[in-house]
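For the sequence shown, position 113 matches number 113 in full-length UniProt numbering, and the numbering has no gaps at all.
Ideal placement from N, C-alpha and C gives every residue a C-beta, glycine not left out.
Quick notes on the structure that follows.
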Amino acid sequence: MPDRIGSSLLLLAGGLGSRMWGKNKLYLELSGAPLLGHILARLAPLFDETLLLAAQGGAREARERLGPLLDRWDVRVTEDRAAGRGPLEGLCRGLAEMNGEWGFLLGCDMPGVDEAVLRGMASLRAEETDIVAAEIGGYLEPLHAFYSRRCLPRAEAALAGCGRIKSFYRESRLTIVNEESLSRFSKDYRGSFTNLNTPGDLSLLMRS
(Lines of atoms letter the chains of each structure in order from A and count residues from 1; the text may use other names and numbers.)
(Lines give C-alpha, C1' and ligand atoms only; values in the text may rest on other atoms or scores of the structure.)
Protein backbone atom coordinates (compact mmCIF):
# COMPACT_ATOMS: atom_id res chain seq x y z
CA MET A 1 0.00 0.00 0.00
CA PRO A 2 1.33 3.47 -0.86
CA ASP A 3 1.72 6.07 1.86
CA ARG A 4 -1.51 7.97 2.16
CA ILE A 5 -1.70 11.69 1.63
CA GLY A 6 -3.94 12.32 4.62
CA SER A 7 -6.91 13.96 2.90
CA SER A 8 -10.31 13.11 1.49
CA LEU A 9 -10.66 12.64 -2.27
CA LEU A 10 -13.66 14.69 -3.45
CA LEU A 11 -14.60 13.55 -6.95
CA LEU A 12 -16.84 16.01 -8.71
CA ALA A 13 -19.28 14.15 -10.94
CA GLY A 14 -19.70 16.18 -14.10
CA GLY A 15 -22.97 17.09 -15.70
CA LEU A 16 -23.77 16.66 -19.37
CA GLY A 17 -20.79 17.29 -21.62
CA SER A 18 -22.19 19.32 -24.52
CA ARG A 19 -19.13 18.43 -26.64
CA MET A 20 -19.03 14.81 -25.43
CA TRP A 21 -22.11 13.49 -27.27
CA GLY A 22 -24.22 15.15 -24.56
CA LYS A 23 -23.25 12.37 -22.14
CA ASN A 24 -22.63 12.66 -18.42
CA LYS A 25 -18.86 12.47 -18.09
CA LEU A 26 -19.22 10.34 -14.97
CA TYR A 27 -20.22 7.41 -17.20
CA LEU A 28 -17.55 7.71 -19.87
CA GLU A 29 -15.72 4.48 -20.66
CA LEU A 30 -12.09 3.78 -21.45
CA SER A 31 -11.25 0.48 -23.17
CA GLY A 32 -14.69 -0.89 -22.28
CA ALA A 33 -14.50 -0.07 -18.57
CA PRO A 34 -15.74 2.97 -16.64
CA LEU A 35 -13.27 5.84 -16.76
CA LEU A 36 -14.07 6.38 -13.09
CA GLY A 37 -12.62 2.95 -12.36
CA HIS A 38 -9.25 3.98 -13.78
CA ILE A 39 -9.27 7.12 -11.63
CA LEU A 40 -10.24 5.25 -8.47
CA ALA A 41 -7.66 2.51 -8.99
CA ARG A 42 -4.89 5.11 -9.15
CA LEU A 43 -6.07 7.60 -6.55
CA ALA A 44 -8.36 6.00 -3.96
CA PRO A 45 -5.48 4.10 -2.26
CA LEU A 46 -3.71 7.42 -1.68
CA PHE A 47 -6.53 8.99 0.34
CA ASP A 48 -8.22 8.35 3.67
CA GLU A 49 -11.66 8.29 2.05
CA THR A 50 -13.34 8.99 -1.28
CA LEU A 51 -16.57 10.91 -1.82
CA LEU A 52 -18.39 11.10 -5.14
CA LEU A 53 -20.19 14.44 -5.42
CA ALA A 54 -23.18 13.88 -7.69
CA ALA A 55 -25.63 16.40 -9.08
CA GLN A 56 -29.01 16.72 -7.41
CA GLY A 57 -30.93 13.52 -8.05
CA GLY A 58 -27.83 11.81 -9.42
CA ALA A 59 -26.80 9.69 -6.43
CA ARG A 60 -29.31 6.94 -7.11
CA GLU A 61 -28.29 6.61 -10.77
CA ALA A 62 -24.62 6.54 -9.80
CA ARG A 63 -25.24 3.70 -7.36
CA GLU A 64 -27.33 1.79 -9.90
CA ARG A 65 -24.81 2.10 -12.73
CA LEU A 66 -21.56 2.03 -10.80
CA GLY A 67 -22.51 0.16 -7.63
CA PRO A 68 -19.88 -2.64 -7.73
CA LEU A 69 -17.14 -0.15 -8.56
CA LEU A 70 -18.18 2.21 -5.77
CA ASP A 71 -18.34 -0.67 -3.30
CA ARG A 72 -14.93 -1.97 -4.32
CA TRP A 73 -13.29 1.34 -3.48
CA ASP A 74 -15.58 2.15 -0.54
CA VAL A 75 -16.84 5.34 -2.18
CA ARG A 76 -19.46 7.41 -0.38
CA VAL A 77 -21.93 9.14 -2.69
CA THR A 78 -23.51 12.47 -1.86
CA GLU A 79 -25.48 14.85 -4.03
CA ASP A 80 -26.12 18.55 -4.44
CA ARG A 81 -28.89 20.11 -2.39
CA ALA A 82 -30.04 22.19 -5.38
CA ALA A 83 -29.71 21.85 -9.13
CA GLY A 84 -27.68 24.03 -11.46
CA ARG A 85 -25.30 25.59 -8.95
CA GLY A 86 -22.13 24.16 -10.46
CA PRO A 87 -18.89 22.90 -8.93
CA LEU A 88 -19.10 25.21 -5.91
CA GLU A 89 -22.18 23.34 -4.67
CA GLY A 90 -20.27 20.07 -4.96
CA LEU A 91 -17.31 21.50 -3.07
CA CYS A 92 -19.59 22.68 -0.27
CA ARG A 93 -21.16 19.25 0.03
CA GLY A 94 -17.77 17.59 0.06
CA LEU A 95 -16.31 19.89 2.71
CA ALA A 96 -19.41 19.46 4.88
CA GLU A 97 -19.44 15.66 4.68
CA MET A 98 -15.77 14.68 4.61
CA ASN A 99 -14.27 13.29 7.80
CA GLY A 100 -10.87 14.96 7.67
CA GLU A 101 -9.60 18.52 7.63
CA TRP A 102 -8.50 18.62 4.00
CA GLY A 103 -10.14 17.58 0.76
CA PHE A 104 -8.68 17.28 -2.73
CA LEU A 105 -11.31 18.36 -5.27
CA LEU A 106 -10.98 16.72 -8.67
CA GLY A 107 -13.17 16.62 -11.75
CA CYS A 108 -14.24 13.12 -12.80
CA ASP A 109 -13.00 13.89 -16.33
CA MET A 110 -9.37 14.33 -15.21
CA PRO A 111 -7.83 10.84 -15.37
CA GLY A 112 -4.20 11.91 -15.75
CA VAL A 113 -3.45 13.10 -12.23
CA ASP A 114 0.28 12.82 -11.58
CA GLU A 115 1.01 11.35 -8.15
CA ALA A 116 4.19 13.42 -7.84
CA VAL A 117 2.22 16.62 -8.50
CA LEU A 118 -0.45 15.50 -6.05
CA ARG A 119 2.06 14.80 -3.29
CA GLY A 120 3.96 18.00 -4.01
CA MET A 121 0.83 20.10 -3.66
CA ALA A 122 -0.20 18.16 -0.56
CA SER A 123 3.12 19.03 1.08
CA LEU A 124 2.11 22.71 0.98
CA ARG A 125 -0.94 22.25 3.20
CA ALA A 126 -0.51 24.17 6.44
CA GLU A 127 -2.46 25.58 9.35
CA GLU A 128 -2.06 29.07 7.91
CA THR A 129 -3.37 28.01 4.49
CA ASP A 130 -6.96 27.39 3.36
CA ILE A 131 -6.44 26.47 -0.31
CA VAL A 132 -3.54 25.00 -2.26
CA ALA A 133 -4.14 25.59 -5.98
CA ALA A 134 -1.95 25.46 -9.06
CA GLU A 135 -1.67 28.25 -11.61
CA ILE A 136 -1.22 27.14 -15.23
CA GLY A 137 -0.78 29.70 -17.98
CA GLY A 138 -1.95 32.45 -15.65
CA TYR A 139 -5.14 30.64 -14.62
CA LEU A 140 -5.87 28.99 -11.29
CA GLU A 141 -7.01 25.37 -11.40
CA PRO A 142 -9.88 25.03 -8.88
CA LEU A 143 -10.84 21.47 -9.86
CA HIS A 144 -7.40 20.06 -9.04
CA ALA A 145 -6.84 21.70 -5.66
CA PHE A 146 -6.70 21.09 -1.93
CA TYR A 147 -9.30 22.79 0.27
CA SER A 148 -9.37 23.00 4.06
CA ARG A 149 -12.63 22.50 5.91
CA ARG A 150 -12.07 26.08 7.09
CA CYS A 151 -13.19 27.18 3.61
CA LEU A 152 -16.75 25.98 4.13
CA PRO A 153 -18.36 29.16 5.58
CA ARG A 154 -16.86 31.35 2.85
CA ALA A 155 -17.70 28.83 0.14
CA GLU A 156 -21.32 28.67 1.30
CA ALA A 157 -21.51 32.47 1.37
CA ALA A 158 -20.19 32.55 -2.19
CA LEU A 159 -22.77 29.95 -3.18
CA ALA A 160 -25.49 32.30 -1.99
CA GLY A 161 -23.94 35.06 -4.09
CA CYS A 162 -22.45 34.73 -7.56
CA GLY A 163 -21.84 31.01 -7.21
CA ARG A 164 -18.47 30.86 -9.00
CA ILE A 165 -16.06 28.43 -7.43
CA LYS A 166 -13.13 30.87 -7.29
CA SER A 167 -15.21 33.76 -5.97
CA PHE A 168 -14.27 33.08 -2.34
CA TYR A 169 -10.54 32.77 -3.01
CA ARG A 170 -9.88 36.44 -2.21
CA GLU A 171 -11.24 35.99 1.30
CA SER A 172 -9.20 32.81 1.81
CA ARG A 173 -5.55 32.15 2.59
CA LEU A 174 -4.40 30.89 -0.77
CA THR A 175 -1.16 29.11 -1.56
CA ILE A 176 -0.52 29.31 -5.30
CA VAL A 177 1.70 26.65 -6.84
CA ASN A 178 3.34 28.15 -9.91
CA GLU A 179 4.60 26.25 -12.92
CA GLU A 180 8.22 26.43 -11.79
CA SER A 181 7.26 24.60 -8.60
CA LEU A 182 5.08 22.14 -10.49
CA SER A 183 7.94 21.32 -12.84
CA ARG A 184 10.06 20.39 -9.84
CA PHE A 185 7.38 17.94 -8.76
CA SER A 186 7.11 16.40 -12.24
CA LYS A 187 8.42 17.38 -15.68
CA ASP A 188 5.09 16.19 -17.13
CA TYR A 189 3.00 18.23 -14.69
CA ARG A 190 0.64 19.62 -17.35
CA GLY A 191 -0.91 16.22 -17.94
CA SER A 192 -2.14 16.23 -14.36
CA PHE A 193 -4.50 19.11 -15.16
CA THR A 194 -5.86 17.84 -18.49
CA ASN A 195 -9.57 17.15 -18.67
CA LEU A 196 -11.66 15.38 -21.29
CA ASN A 197 -13.96 17.75 -23.14
CA THR A 198 -14.46 16.13 -26.54
CA PRO A 199 -14.60 12.67 -28.12
CA GLY A 200 -11.20 13.51 -29.60
CA ASP A 201 -9.75 13.95 -26.11
CA LEU A 202 -11.07 10.53 -25.14
CA SER A 203 -9.70 8.92 -28.31
CA LEU A 204 -6.28 10.45 -27.67
CA LEU A 205 -6.29 9.05 -24.14
CA MET A 206 -7.18 5.59 -25.43
CA ARG A 207 -4.19 5.68 -27.79
CA SER A 208 -1.75 6.84 -25.13
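{"Asked": "E97: CB within 7 Å of a non-hydrogen atom of the ligand HEM", "Found": "Among the ligands in the structure shown, none appear at all, so the ligand HEM cannot be discussed."}
{"Asked": "Which listed residue (R149, I131, R63 and H38) has its alpha carbon closest to that of R93", "Found": "R149"}
{"Asked": "Residue burial classification, Y147 (beta-carbon count within 10 angstroms, cutoff 16)", "Found": "buried"}
{"Asked": "Contact set for F185: own chain, Cβ-Cβ below 6 Å, skip 5 residues either direction", "Found": "A116, V117 and G120"}
{"Asked": "Same chain, Cβ closer than 8 Å to A126, five either side skipped, listed in chain order", "Found": "T175"}
{"Asked": "Whole-number beta carbon distance between W102 and S192, since they are thought to touch under 8 Å", "Found": "Contact flag wrong, Cβ pair sits at about 18 Å."}
{"Asked": "Neighbourhood of N195 by C-beta distance below 6 Å, restricted to the same chain and skipping five residues each side", "Found": "G107, D109 and M110"}
{"Asked": "The segment 51 to 67 in contact with the segment 21 to 37 per 3-pair CB rule at 8 Å", "Found": "yes"}
{"Asked": "Beta-carbon proximity list for R85, same chain, < 8 Å, skipping 5 on both sides", "Found": "L159 and G163"}
{"Asked": "Cβ shell of T78 (< 8 Å), same chain only, five flanking positions each side left out", "Found": "L51, L52, L53, A54, A59, R93, G94 and E97"}
{"Asked": "Segment limits, alpha helix (DSSP H) that includes F185", "Found": "E179 to F185"}
{"Asked": "Three-state secondary structure assigned by DSSP to A126", "Found": "coil"}
{"Asked": "Reduced DSSP secondary structure (H/G/I, E/B, other) of L143", "Found": "coil"}
{"Asked": "Integer Cβ distance of L105 from L12, believed to fall under 8 Å", "Found": "6 Å"}
{"Asked": "Rounded straight-line distance, which links the Cα of L10 to that of K23", "Found": "21 Å"}
{"Asked": "Rounded Cβ spacing between V177 and L124 (contact assumed at less than 8 Å)", "Found": "7 Å"}
{"Asked": "Proximity of L40 and W73 at Cβ, strictly below 8 Å", "Found": "yes"}
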